[in-house]
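Just so we're aligned: 212 in our numbering is position 196 of the sequence shown, and the numbers increase by one with no gaps anywhere.
Working notes, beginning with the structure itself.
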Amino acid sequence: MCLLPKVRFAALVFFAVFIQSLAAQQQHSIAREWNEALLQSMREDLARPTVQARNIFHFSVALYDAWAAYDDEAQPYLLGKTVEGVACPCSGVPAPKDVEAARKEAMSFAAYRLLTARFSQSPQGAGAVQRFRDIMQKHGYDFRNFSFDYSSGSPAALGNYLAQCILQMGNQDGANEKNNYAAQNYRPINPPLEVIKPGPGRLQDPNRWQPLKLNRAIDQDGYPMLECKCGGRPLSTYIDSVDPTGRRITGTQNFQGVAWEQVKPFALKKHDLKVCRRDGHEYRVYHDPGSDFFPRLDTAKGGGTSQEFMWNFALVAAWSALLDPADGTTWDVSPRSMGNVQHYPKNLAELRSFYDLATGRDPGTGHEINPRTGQSYASQMVPRGDFTRVAVQYWAEGPNAETPPGHWLALLNYVSDQAGLVKKFNGKGSVMSDLEWDVKSCFVLGGALHDAAIAAWGLKGWYDGARPITALRYMASLGQSTDPKLPSYHPAGIPLIPGRIELVKKGDALAGAKSEHLGKIKFFAWKGPFAVKDSTADIAGVGWILAENWYPYQPKYFITPPCAGFVSEHAAFSHSAAEVLTLLTGDAYFPGGLGEFAIRANSRFLRLEKGPGVDVTLQWATYRDAADQASLSRIWAGANAPFDDVPGRAIGTEVGTGAFHFAKGYFYKDRDRDGYLSYEDCDDNNPAVYPRAEERCDGLNNDCNGKIDDAAPCGGGKQ
């Protein structure tokens with residue numbers, strides 16, 4: 017709240033809200049309009065999850081503070097405050113005659129200014145700016161109004177001023193936005209891996225991250241250069257030069273977001289922070305799972321936690337075989353058989369019982385009954401290889417490439433549109449308007465995703481963990497560690513798994529014309545992106561390949577995300593968002609007990625190769641089920657190992673819970689100081705009345721159960 021004392025216009029406001037509620041049945045709120053514009057601009061921007069999580073958070077602050085400025089109870093996050101050393105003074109906003117109209121205008125100007133600043137220089141910046149202007153013009157706002165004089169009562173000026181405060185916060189939050197988010201003080205210990213060549217390259221330490229050198233020009237974050245940035249010339253001609261915006265074009269990945277732990281968080285707590293130092297540089301690490309969860313390969317003797325390192329990455333290679341739609345294996349991929357994981361591993365040893373190496377599954381038992389319908393979930397039998405390939409692609413960057421944090425913002429929008437959703441905060445109190453729901457839910461989710469990025473990338477930078485392509489090719493180059501009596505034995509080699517990881521023997525089709533590959537390691541795995549000539553007609557398939565040529569299930573111009581593996585960013589983002597959605601709605605289940613995303617057969621959804629061969633619908637009973645599927649998909653994809661995954665899930669859960677409880681303190685007060693905020697307290701002006709309070713003979717509904725004196729010694733039971 018940043019309102020000057022005002023005269024109440026109760027009847028007028030009620031009428032305005034009533035009219036708006038009728039209109040909301042025909043269209044989304046203004047907050048949602050800007051939300052969708054942000055998502056589309058993210059899809060057209062560079063795929064930088066850390067940057068996009070921050071964009072979502074700052075955008076959510078713009079919407080929320082513009083909304084809260086006109087509220088009697090809610091407190092803005094930045095407006096009128098000093099946050100992380102950034103002051104945004106507010107001398108008071110005159111009370112408008114039409115609160116909802118003022119909110120709509122202030123939110124629009126704040127969103128327009130912020131998003132224009134953030135996306136005008138993106139690869140499709142001109143289109144993004146036009147998109148933002150179209151929204152302004154649609155609602156009759158002059159985007160050329162640059163006034164900051166909010167004391168005049170202008171909502172537009174308030175929005176402009178608020179956006180300026182957020183941009184100032186962004187210039188001082190540690191993201192290094194002014195230098196295009198460039199990392200400082202980090203140099204990879206390992207030389208690049210030229211992926212089209214066999215083996216691990218000139219690796220110095222297989223426990224540390226190794227950049228990839230790709231066969232196509234990529235931007236500074238490891239993502240493909242877009243044609244629109246290079247004037248239509250062949251991209252390869254630009255390597256080692258700069259693009260029109262001055263960015264160096266290279267074929268080698270840089271560690272994306274390696275210094276992101278320096279960014280100021282939303283709700284992360286100092287007691288969860290550990291400051292570590294390496295090579296003279298400081299790393300700020302939140303929610304550190306500890307080095308005991310990070311196995312290391314002893315390259316000489318295979319001692320210490322080497323066995324856990326070997327098992328984790330061998331599982332990734334074995335699970336690559338799950339990507340074959342023609343192997344005859346079918347799964348029931350409905351909530352009847354998937355999801356409902358009850359317990360997560362607490363240490364490295366427990367990973368072996370959590371991930372089934374043979375089947376590619378986790379211990380989820382599924383849900384027998386949909387609790388919202390009372391009916392059993394219908395089974396959905398599909399080829400395993402079609403399901404795994406679809407899940408991998410769906411969760412990679414989102415179905416429309418909005419990055420993982422953007423994907424969960426889109427999922428929030430999906431949930432908000434479901435008829436079965438009752439828009440009560442945490443499932444309690446009064447039903448919110450669409451606008452209030454959209455603003456508050458985006459603020460909580462935005463804060464959680466921002467914190468998840470900071471926590472995950474802090475661990476990535478500090479542990480600097482290898483990705484599977486490095487670890488698997490390296491161990492295979494040493495040989496096998498299963499049996500000293502067999503050929504190619506090395507104590508730090510990869511363990512053999514019959515039917516999945518074996519030695520190339522005499523007479524093997526992979527042995528080579530001159531038996532040059534005899535004794536090498538082979539994987540029964542996906543054959544890789546270079547086995548696909550036409551992605552609309554070809555399927556790479558699964559078969560025996562030389563381990564030195566193994567690839568994750570990724571395009572040939574990408575291969576693996578340009579950052580360390582530990583911890584999984586998808587696990588952290590997904591579980592933080594799932595926790596937020598659970599707490600926001602007050603329900604672990606999707607509205608109606610089912611969330612769905614349908615993919616048609618041969619729809620080119622995979623992009624990487626032909627498929628799926630049948631219709632596949634991804635289904636989840638609960639938000640956590642969806643997050644668990646997102647986490648598993650990164651192992652099926654070959655992008656992460658199990659020990660990357662589980663800590664990411666745990667961190668995400670902690671981050672999401674923390675963000676929710678931190679955010680609700682901005683939304684609601686506890687006026688009577690009875691420990692319950694106004695949304696959950698049936699009378700927030702009486703400390704004797706709160707949920708589960710002891711009933712007294714006082715003529716009050718003390719315990720908020722709707723009955724007066726019903727459990728008190730005086731009898732009662734009045735309704």
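Even glycine gets a Cβ: it sits at the ideal position worked out from N, Cα and C.
- Contact between G609 and A637 holds, since their C-beta atoms are separated by about 6 Å, short of 8 Å.
- As for any beta strand (DSSP E) of minimum length 3 sitting wholly inside the segment 500-553, the runs are 517-519, 537-542, ordered along the chain.
- Three or more Cβ pairs drawn from the segment 655-662 and the segment 367-374 lie within less than 8 Å of each other, which places the two stretches in contact.
- DSSP, read as helix, strand or coil, puts Y302 in strand.
- When rounded, the separation of the alpha-carbon atoms in G217 and L209 is 5 Å.
- In the pairwise beta carbon analysis, the segment 399-415 is classified as touching the segment 334-342: at least three pairs are separated by under 8 Å.
- Around the beta carbon of S584, a 10 Å sphere encloses 16 or more other beta carbons of the protein chains shown; the residue is thus reported as buried.
- Between Q137 and M58, the alpha-carbon positions lie close to 12 Å from each other.
- Beyond the five residues adjoining it in sequence on each side, K538 comes within less than 8 Å, by CB distance, of I517, E518, L519, V520, D524, L526, W560, I561, L562, A563 in the same chain, given in chain order.
- Per DSSP, reduced to three states, the secondary structure at D372 is strand.
- In terms of CA proximity to K680, K440 leads the group K440, P568, Q391.
- The C-beta distance from F164 to N176 rounds to 5 Å, short enough to meet the 8 Å contact threshold.
- Inside the segment 84-149, DSSP marks whole alpha helix (DSSP H) runs of 4 or more residues at positions 115-135, from first to last along the chain.
- Excluding sequence positions up to five before and after Q68, its CB lies within less than 7 Å of the CB of M58, T419, P421, G422, all in the same chain and listed in chain order.
- In its chain, beyond the 5 residues on either side, A118, E121, A122 have a beta carbon closer than 6 Å to the beta carbon of P171.
- Membership of S457 in any beta strand (DSSP E) is not indicated; the residue belongs instead to the alpha helix (DSSP H) covering 450-479.
- Membership of L54 in the alpha helix (DSSP H) is indicated by the continuous run 46-60.
- Per the coordinates, the alpha-carbon of M354 lies some 14 Å from the alpha-carbon of S647.
- Around the beta carbon of N701, a 10 Å sphere encloses fewer than 16 other beta carbons of the protein chains shown; the residue is thus reported as exposed.
- According to the DSSP secondary-structure assignment, D348 is paired through a beta bridge with M397.
- The three-state reading of DSSP puts I561 in strand, counting E and B together.
- Q645 carries a helical assignment under DSSP once its states are collapsed to helix, strand and coil.
- DSSP places N201 in the coil class of the three-state scheme, outside both helix and strand.
- In this structure, DSSP gives Q434 a state outside helix and strand, which the three-state scheme calls coil.
- Less than 8 Å divides the Cβ of V662 from the Cβ of Y360.
- CA-to-CA, the gap between V596 and A464 works out to about 8 Å.
- For W327, the enclosing alpha helix (DSSP H) stretches over residues 322-335.
- Secondary structure note for E612: its beta strand (DSSP E) is the uninterrupted segment 611-615.
- According to the DSSP assignment, V596 belongs to the alpha helix (DSSP H) that extends over 585-601.
- Here DSSP, grouped into helix, strand and coil, assigns F441 to strand.
- Straight-line spacing of the CA atoms in R300 and P222 works out to 24 Å.
- Excluding five sequence positions before and after D690, the CB atoms of its chain that fall closer than 6 Å to its own CB belong to P703, Y706, given in chain order.
- Where T633 is concerned, the enclosing beta strand (DSSP E) starts and stops at 632-636.
- Taking every protein chain shown into account, the CB of Q396 has 16 or more other CB atoms within 10 angstroms, so this residue is buried.
- Of the candidates G101, E116, G96, T669, the residue whose Cα lies closest to the Cα of G108 is G96.
- In this structure, V558 keeps its C-beta atom at 8 Å or more from the C-beta atom of V398.
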